[in-house]
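Shown next, in structure tokens, is the structure this report addresses.
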Amino acid sequence: MTNFPPSDFDELRSGTDRPRRQQPQAGDEEQNEIELGALWQGIRRYMTWILLTTVAVGVLVFLLSRAQPDVFEASSSLVTSGNSTNIGAVRDTVVTAAPLPAGALQEALQGPVVLGEIIQRVRNAPELPVDLRTELAVKLQKELRRRDVQTVGLQNQLDFNGNGVYTATARAGSPEAAAFLADTTAQALLNWDRGRALSGVQRAERSLRAQLGEVDRQLAEGGQSDLERQTLISSRATLQRNLAQTGIQAEGVSGSLELVAPAVVPLDRVAPKPTRNAILASLVTLLFGAGIAAFRTVTDRTARTEDDLLSFGFPTLGMIPRLRRREVVFNGIVRAARLAGLYEAIGFLRVNILSRIGNKSGQRIMISSTAPGEGKSSLTATLADGLAASGQRVLIIDADMRRGTQQEVWDKYETEHSWVQLTGQNGARTLVDALKDPTNVQVMEAEPGVHVLPAGPGMHDSLGLLNRVPLGEYLTRWGQGYDLILIDSPPLLALADGLVIGRHVDHVLLVVEEGKTSLQAVRQSLRRARNANVSILGFILNKVNPSGQDSKTYGYSYGYAPNSRKA
1 MTNFPPSDFD ELRSGTDRPR RQQPQAGDEE QNEIELGALW QGIRRYMTWI LLTTVAVGVL
61 VFLLSRAQPD VFEASSSLVT SGNSTNIGAV RDTVVTAAPL PAGALQEALQ GPVVLGEIIQ
121 RVRNAPELPV DLRTELAVKL QKELRRRDVQ TVGLQNQLDF NGNGVYTATA RAGSPEAAAF
181 LADTTAQALL NWDRGRALSG VQRAERSLRA QLGEVDRQLA EGGQSDLERQ TLISSRATLQ
241 RNLAQTGIQA EGVSGSLELV APAVVPLDRV APKPTRNAIL ASLVTLLFGA GIAAFRTVTD
301 RTARTEDDLL SFGFPTLGMI PRLRRREVVF NGIVRAARLA GLYEAIGFLR VNILSRIGNK
361 SGQRIMISST APGEGKSSLT ATLADGLAAS GQRVLIIDAD MRRGTQQEVW DKYETEHSWV
421 QLTGQNGART LVDALKDPTN VQVMEAEPGV HVLPAGPGMH DSLGLLNRVP LGEYLTRWGQ
481 GYDLILIDSP PLLALADGLV IGRHVDHVLL VVEEGKTSLQ AVRQSLRRAR NANVSILGFI
541 LNKVNPSGQD SKTYGYSYGY APNSRKA
């Protein structure tokens, strides 16, 4: 009996890698560069969902926009000049307000003085319908409380000296209401600006009245000299003249703003615009979806194409398309695999394997994967069926003694099987029993040219059993008379059984599932196989979605179907 050295056995059982003096292997370093072709393939993989979502969002936005009420916008223009008379001077007959600081008029429009006047004018407007007046007044009142006025607005085009044009805009549900609201806003701003100038004149008037009162008080007290009394009388006369002029100027006071263009009733609505909104929403959705797809492609570290596996230094011997679950359930994996497309893919895989291993009979090929569920057992059965179709005699050994599935795969193909003698007389019909009595073994005839040795019931200490027997001698004895022996082994990262079996085979095929098997798992499996001196023949990319690959790659296998017409 052959046993592994303790150090090697411990290494396989623990699943850890001991440091060895080896040259760096391809694929040990992360591949951080994403090619534009791979990025486009990733986006195209999700393109159907992106387009469907884009159309759905566009239609939804279009319908929602059409359901919104119409909005009309009107505008009224005001001009302002930076040249004005000093408010404190009373020499002129007309007083003009000082230029407005930047942003002062916008702040005034947001305040209760201007907006309050607008609300009051709207409520008392006889030219507007009652319901529209109420709606506008309530809306403006809410915007005033929130300090976020949207119904009316103000834009400016001013130079460095503060000269330019202010444009008061207003939005409402009818053209007439929009024009009325724009003119009302402009008038409220004019009144506020005139009130600003008038307040300066009023302050001057109050100051003159206070000075005049003080002079009258001093004259009433008496006790002044003749010169002092004459001076007070002269000052009183001057103050009275200035006060009279101030009253006159109060009548002609003006602000720094002047109305130059009243509002015109608009013809077209400014909102909603269903077509524009739908187009913009669709473009945003399309760009957002493409961005998400590109991000997922960049961050996706799973094997999706043959190019993803090139960096590991081993060839990809076959790319097997994904079968429909319904076909597998009703027909079984072997019959479903004979459909057009997968049959040709298995044919390419068979040719690539045979061209690499040569014509020597009795060669042992182990088929494994990184993790369960990647399709290694189904692929083993379909490959055996393809080899048998080309005249090869194949023995399948289900070495996954924890979760053997070859019996179930072939039971779906044929419910009743005949058993043939492999060695000796009668004897074991499972691998577990055959390892205990290798001289008397029977195998199941799955189909002409394909014999199967099932794994048997689940076994917990499968690694111990494999380590106690001379597995290489048994495989040599059982493989006599067969062209190829296919060994379905447990996943390399799940159990150490595959590494033990791999030392007694000629070649190992690693099954990689498209879009599921991570490149890190492949890298780790290759590292463990290399440390265990297991010879990797190449990869098989399984469950490939044809729509996600290059159409030229699969166009020939799918399009070159047999011609059913008679010659």
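Here the sequence shown is numbered in UniProt numbering, starting from 1 and rising by one per residue. Glycine included, every Cβ here is placed at the ideal spot set by N, Cα and C.
Can you name the start and end residues of the beta strand (DSSP E) that residue i belongs to?
i: T423; result: 418–423
i: D488; result: 484–488
i: Y413; result: From DSSP, Y413 is part of no beta strand (DSSP E) but of the alpha helix (DSSP H) over 406–413.
i: G538; result: 536–544
i: T316; result: 316–321
i: E127; result: Element bounds for E127: n/a, residue is neither H nor E.
i: S369; result: 363–369
i: L78; result: 72–80
i: G472; result: Not the beta strand (DSSP E): G472 falls in the alpha helix (DSSP H), residues 471–478.
With C-beta atoms as the reference, is residue i less than 8 angstroms away from residue j?
i: E73; j: V270; result: yes
i: G404; j: A455; result: yes
i: A399; j: L431; result: yes
i: Y482; j: G362; result: yes
i: I367; j: L486; result: yes
i: A168; j: A186; result: yes
i: G449; j: R393; result: yes
i: I333; j: V409; result: yes
i: T302; j: T48; result: no
i: L499; j: A521; result: no
i: T297; j: I43; result: yes
i: A290; j: I50; result: yes
i: T151; j: A204; result: no
i: L158; j: S256; result: no
i: F62; j: P372; result: no
i: R146; j: A137; result: no
Kindly list the residues whose CB is nearer than 6 angstroms to the CB of residue i, restricted to its own chain and excluding five residues on each side of it in sequence; keep chain order.
i: Q211; result: L239
i: S14; result: Any reading at S14 must be qualified, since the residue scores a pLDDT of 40, below 50, and its modelled position is unreliable; the value itself is stated next. There are no such residues.
i: L109; result: L154
i: L463; result: A496, D497
i: I428; result: Residue identity check: residue 428 is Ala in the sequence provided, not Ile. A434, D437, V441.
i: R121; result: T184
Helix or strand or just coil, what does DSSP make of residue i?
i: S235; result: helix
i: V452; result: strand
i: E205; result: helix
i: V500; result: helix
i: D461; result: coil
i: M166; result: According to the sequence provided, residue 166 is Tyr. The question's Met does not apply to it. Correct three-state label for Y166: strand.
i: D28; result: Low confidence applies here, because D28 scores a pLDDT of 41, under 50, leaving its location unreliable; read the following figure in that light. Note: D28 maps to coil in three-state DSSP.
i: A271; result: strand
i: K552; result: At K552, the pLDDT of 47 sits below 50, so the modelled position is not reliable and the matter cannot be decided from this model.
i: G391; result: coil
i: S378; result: helix
i: Q211; result: helix
i: G332; result: helix
i: G373; result: coil
i: M47; result: helix
i: E183; result: Looking at the sequence shown, residue 183 is not Glu but Asp. Helix at D183.
i: R403; result: coil
i: D398; result: strand
i: V441; result: strand
i: S218; result: Reading off the sequence shown, one finds Gln at residue 218, where the question assumed Ser. In this structure, Q218 counts as helix in the three-state DSSP scheme.
How close, in whole Å, do the beta carbons of residue i and residue j come, if the pair is a contact with beta carbons under 8 angstroms?
i: L259; j: L78; result: 6 angstroms
i: L208; j: N242; result: 5 angstroms
i: Y46; j: A293; result: 4 angstroms
i: R322; j: N533; result: Their Cβ separation, rounded to whole angstroms, is 34 angstroms, which puts R322 and N533 out of contact at 8 angstroms.
i: G195; j: T80; result: Contact flag wrong, Cβ pair sits at about 16 angstroms.
i: A170; j: L181; result: 4 angstroms
i: R350; j: G386; result: 5 angstroms
i: I536; j: L510; result: 6 angstroms
By Cβ distance below 7 angstroms, which residues in the same chain neighbour residue i in space, the five residues on each side in sequence not counted?
i: E513; result: E374, G375, N542, K543
i: P112; result: L144
i: L64; result: none
i: V114; result: A108, A188, L189, W192
Let's see if you can read the secondary structure: which residues bound the alpha helix (DSSP H) around residue i?
i: L140; result: 130–146
i: residue 569; result: Because the chain in this structure spans residues 1 to 567, residue 569 falls outside the shown range and cannot be described.
i: Q106; result: 104–110
i: P274; result: 274–299
i: L509; result: Looking at the DSSP string, L509 is not in any alpha helix (DSSP H); the run it does join, the beta strand (DSSP E), is 507–513.
i: Q524; result: 519–531
i: V351; result: 342–357
i: L309; result: 306–310
Among residues of its own chain, excluding the 5 on either side of residue i, which ones have a beta-carbon nearer than 8 angstroms to its beta-carbon?
i: I233; result: L219
i: E127; result: E176, F180
Would you say residue i touches the ligand GTP, meaning its beta carbon is less than 7 angstroms from a heavy atom?
i: I540; result: Within the structure as shown, the ligand GTP is missing, as the structure has no ligands at all.
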